[in-house]
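Heads up: the sequence shown is residues 13 to 254, going by our numbering.
Beta carbons are placed, not taken as given, at the ideal position from N, Cα and C, and that holds for glycine.
Below is one structure, written out as structure tokens, with a few remarks after it.
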Amino acid sequence: MSDRLKEMCKSLRLAYVADIYEKVPFENPNQYLETLFQQEFQLRDTAKGERLIKKAKFINDKELDHFQWGSQVKFPPQINRESLEGLKFIDRKENVILTGSPGTGKTHIATGLGRKACRQGYDVRFYRVADLVDQLEKEWSEGKLQSFRNRFKKVGLIILDEMGYIPFSKNGAELLFQLVTDWYEQKSLIITSNLEFSQWNRIFVDARLTAALVDRVIHHAHVLSFTGDSYRVTHALSNYPS
13 MSDRLKEMCK SLRLAYVADI YEKVPFENPN QYLETLFQQE FQLRDTAKGE
63 RLIKKAKFIN DKELDHFQWG SQVKFPPQIN RESLEGLKFI DRKENVILTG
113 SPGTGKTHIA TGLGRKACRQ GYDVRFYRVA DLVDQLEKEW SEGKLQSFRN
163 RFKKVGLIIL DEMGYIPFSK NGAELLFQLV TDWYEQKSLI ITSNLEFSQW
213 NRIFVDARLT AALVDRVIHH AHVLSFTGDS YRVTHALSNY PS
């Protein structure tokens, strides 16, 4: 392709045409242009998905395709695996709560759903809950809390991982409650926790705040229970000779 044509592609913001135009089969002009532009759109969507994945700040690269679904995942009546993976709950601003013992695949599923959402164009954020509370307290102490809360205006899905592993201070719990209240019926949440809702008092020091938070979280929510042994422990034991 000539430099002149490359400049024209750049002016038209056709980011990939210059690289792929020779690889597109030609049957007739209409077919060629349709295929060329279709591939341009597909490559744009792929690049956008990868940018959103990077922006989400996942802690691993787990995918839904790599999860071994089995009887350890208990679905509620109103949702199944197919509808969960279809991500319709995001458009409906519904929450997904994954509860169960450590090592049973909750973070894997949450991450896989988040990465798929990014590839479908959703703006996603991933947080370990303890890290998020630390950041909230830091933003609050520096007078930047409102600015931080404004960052979520265009976010469609927020993943809160490991709710319940570390207790919060009273201030930290109240700041998290404010944030969840901001998101209530405005965003979709995926929350992973090793605690049942009745045990959330362990991490939130105020019983009334805990009740109010749980009320917001479980309203419009699908609760999936994970049972069985830890994958990590099982894998580690399998490496030992019998």
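Tell me, to the nearest whole angstrom, how far the beta carbon of residue i is from that of residue j; I am working on the premise that it is less than 8 Å.
i: Thr-204; j: Lys-86; result: Not really, about 15 Å apart at Cβ, beyond 8 Å.
i: Thr-123; j: Phe-70; result: 5 Å
i: Ala-233; j: Asn-107; result: 4 Å
i: Arg-228; j: Thr-193; result: 7 Å
i: Leu-169; j: Val-136; result: 5 Å
i: Asn-206; j: Ser-83; result: With 8 Å as the limit, Asn-206 and Ser-83 do not qualify as a contact, their Cβ atoms being about 19 Å apart.
If you run the structure through DSSP and keep just helix, strand and coil, what is residue i?
i: Lys-105; result: coil
i: Ala-233; result: strand
i: Asn-40; result: coil
i: Asp-73; result: coil
i: Gln-190; result: helix
i: Arg-25; result: coil
i: Lys-182; result: helix
i: Lys-67; result: helix
i: Ile-115; result: Reading the sequence as shown, one finds Gly at residue 115 and not Ile. Three-state DSSP puts Gly-115 in coil, outside helix and strand.
i: Glu-151; result: helix
i: Gly-176; result: coil
i: Lys-165; result: coil
i: Leu-225; result: helix
i: Leu-207; result: coil
i: Lys-100; result: helix
i: Phe-49; result: helix
i: Gln-54; result: helix
Strictly by DSSP, which residues pair up with residue i?
i: Ile-202; result: Val-108 and Ile-171
i: Val-85; result: Phe-238
Give the range of the beta strand (DSSP E) segment to which residue i is assigned.
i: Phe-138; result: 136-140
Does the Cβ of residue i have 16 or more other Cβ atoms within 10 Å, making it buried, or fewer, making it exposed?
i: His-78; result: exposed
i: Asn-92; result: exposed
i: Asp-103; result: exposed
i: Ala-68; result: buried
i: Leu-24; result: exposed
i: Phe-53; result: exposed
i: Gln-158; result: exposed
i: Ser-200; result: buried
i: Phe-38; result: exposed
i: His-231; result: exposed
i: Trp-195; result: buried
i: Ser-14; result: exposed
i: Asp-173; result: buried
i: Phe-262; result: Past the edges of the chain, shown from 13 to 254, lies residue 262, and the structure says nothing about it.
i: Ala-129; result: buried
i: Phe-49; result: exposed
i: Arg-127; result: buried
i: Leu-188; result: buried
i: Trp-81; result: exposed
i: Lys-150; result: exposed
i: Thr-116; result: buried
i: Ala-27; result: exposed
Just curious, the alpha helix (DSSP H) that residue i is in, first and last residue?
i: His-120; result: 118-131
i: Val-217; result: First-last for Val-217: undefined, no H or E at that position.
i: Tyr-196; result: Tyr-196 -> no alpha helix (DSSP H), and no H or E assigned at all.
i: Ala-30; result: 29-32
i: Leu-157; result: 157-162
i: Leu-96; result: 93-97
i: Ser-14; result: Segment: none, Ser-14 is in no alpha helix (DSSP H) and carries neither H nor E.
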